[in-house]
Amino acid sequence: MFVEPWEAQAGPAELAAVAQAADRLGYAYVACCDHVAIPRRLAGPMGATWYDPVSTLGYLAASTSRTRLLSHVAVAPLRHPLLSAKQYATLDLLSGGRLVLGVGAGHVQEEFETLGVDFHRRGEILTETIAALDVALREEYPEHAGPRFPFRELAVSPRPAQTPRPPIWVGGSSPAAVRRAAAHAEGWLSQGDTLETLPAQLELIRSVREREGRSDGGFVVNAIAPPLYVGEPGWEIGRRSVAGKPEELAELLRRYVALGVTHLQLRPRSRDVAEYVAQLELVATDVLPLV
3 MFVEPWEAQA GPAELAAVAQ AADRLGYAYV ACCDHVAIPR RLAGPMGATW
53 YDPVSTLGYL AASTSRTRLL SHVAVAPLRH PLLSAKQYAT LDLLSGGRLV
103 LGVGAGHVQE EFETLGVDFH RRGEILTETI AALDVALREE YPEHAGPRFP
153 FRELAVSPRP AQTPRPPIWV GGSSPAAVRR AAAHAEGWLS QGDTLETLPA
203 QLELIRSVRE REGRSDGGFV VNAIAPPLYV GEPGWEIGRR SVAGKPEELA
253 ELLRRYVALG VTHLQLRPRS RDVAEYVAQL ELVATDVLPL V
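Just so you know, we're using our numbering here: the sequence shown kicks off at 3 and counts up by one.
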């Protein structure tokens with residue numbers, strides 16, 4: 003829905019250029035999504051190229067020094083949590099403690115069927131996976147006896163750099179996903195929520211965390227702003243996008259802040275990687291200081 007034509011031909015050089023710009027300009031994170039394989043019926047609307055988040059974020063870690071590395075999101079039910087813990091602990095160590103582990107339930111049924119995972123129980127599996135990841139990322143010899151993933155006396159090493167473990171954020175905007183994030187994670191990655199729908203979601207998060215005894219502050223709320231363009235584009239950016247002067251864009255972003263959003267995923271519109279990086283710079287230098 004939001005892919006730019008130039009991105010279909012982008013490769014490692016473009017990925018590194020964008021990550022290095024984000025690192026230099028002070029952005030909080032760069033993110034990589036996750037799909038193992040895309041069925042033919044979805045290859046048109048979704049595209050078939052989805053970079054593996056562990057490999058990609060590891061590659062970008064080597065060309066950056068500050069920006070955090072977010073899996074947004076890893077389809078965690080597709081993998082045993084010990085395997086995920088091994089991969090992401092290694093990534094956190096090699097990046098100097100910059101991992102944010104974003105996980106979600108997934109939505110492509112054929113992926114689950116092909117990998118032998120029950121698609122219709124993916125939410126339940128994700129909740130159990132988060133519990134197992136929590137233990138495996140905290141303890142070198144994790145003691146976990148969950149019904150689906152029992153393990154003990156198995157060393158998971160190298161250990162992550164962050165202690166007690168890297169933060170876990172949960173993606174998804176269904177009520178179940180929002181409750182899962184509030185009850186079991188340190189952050190929520192919304193998917194498609196608008197300024198109109200976010201208040202109800204934030205109230206659900208507040209009530210769940212209060213009920214679970216986790217109303218201790220510091221919970222991350224990550225929203226996705228409309229695609230932005232600083233200035234007059236001079237080309238058709240479509241009705242889903244917002245263009246304007248820095249103050250106009252800052253006013254839009256301040257509305258998210260007023261609701262209680264702590265992080266915004268920003269997607270500048272562009273016709274090539276140079277314009278993308280230029281827009282990243284304009285957002286960082288002209289827009290964000292006004293937010």
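Backbone N, C-alpha and C define an ideal beta-carbon position, used for all residues, glycine too.
Please report how far the alpha carbon of V222 lies from the alpha carbon of L282, in whole angstroms.
-> 22 Å
Going by beta carbon distance, what residues of the same chain come within less than 8 Å of R271, once the five residues before and after it are set aside?
-> E6, P229, L230, Y231, P235, I239, S243, A245 and Q281
Return the residue from the list A19, P168, M48 and L62 that minimises the CA-CA distance to C34.
-> Just measuring C-alpha positions, the residue of A19, P168, M48 and L62 sitting nearest C34 is L62.
With R70 as the anchor, note down where its beta strand (DSSP E) starts and where it stops.
-> R70 to S73
To the nearest angstrom, report how far apart H146 and R213 are at their CA atoms.
-> Computed Cα separation, rounded: 25 Å.
Can you tell which of E253, S57 and L95 has its C-alpha closest to the C-alpha of P160?
-> That would be L95, whose Cα lies nearest to the Cα of P160.
Using the C-alpha atoms, what's the distance from A227 back to R269?
-> 8 Å
In the DSSP assignment, find the beta strand (DSSP E) that holds G189 and state where it starts and stops.
-> G189 to L191
Could you tell me the distance, in whole angstroms, from the CA atom of G28 to the CA atom of L135?
-> 29 Å
In whole angstroms, what is the alpha-carbon distance linking Q11 and G215?
-> 48 Å
I170 versus G189 - alpha carbon distance | C-alpha separation (whole angstroms): 7 Å.
In terms of residues, what are the limits of the alpha helix (DSSP H) holding Y258?
-> P248 to L261
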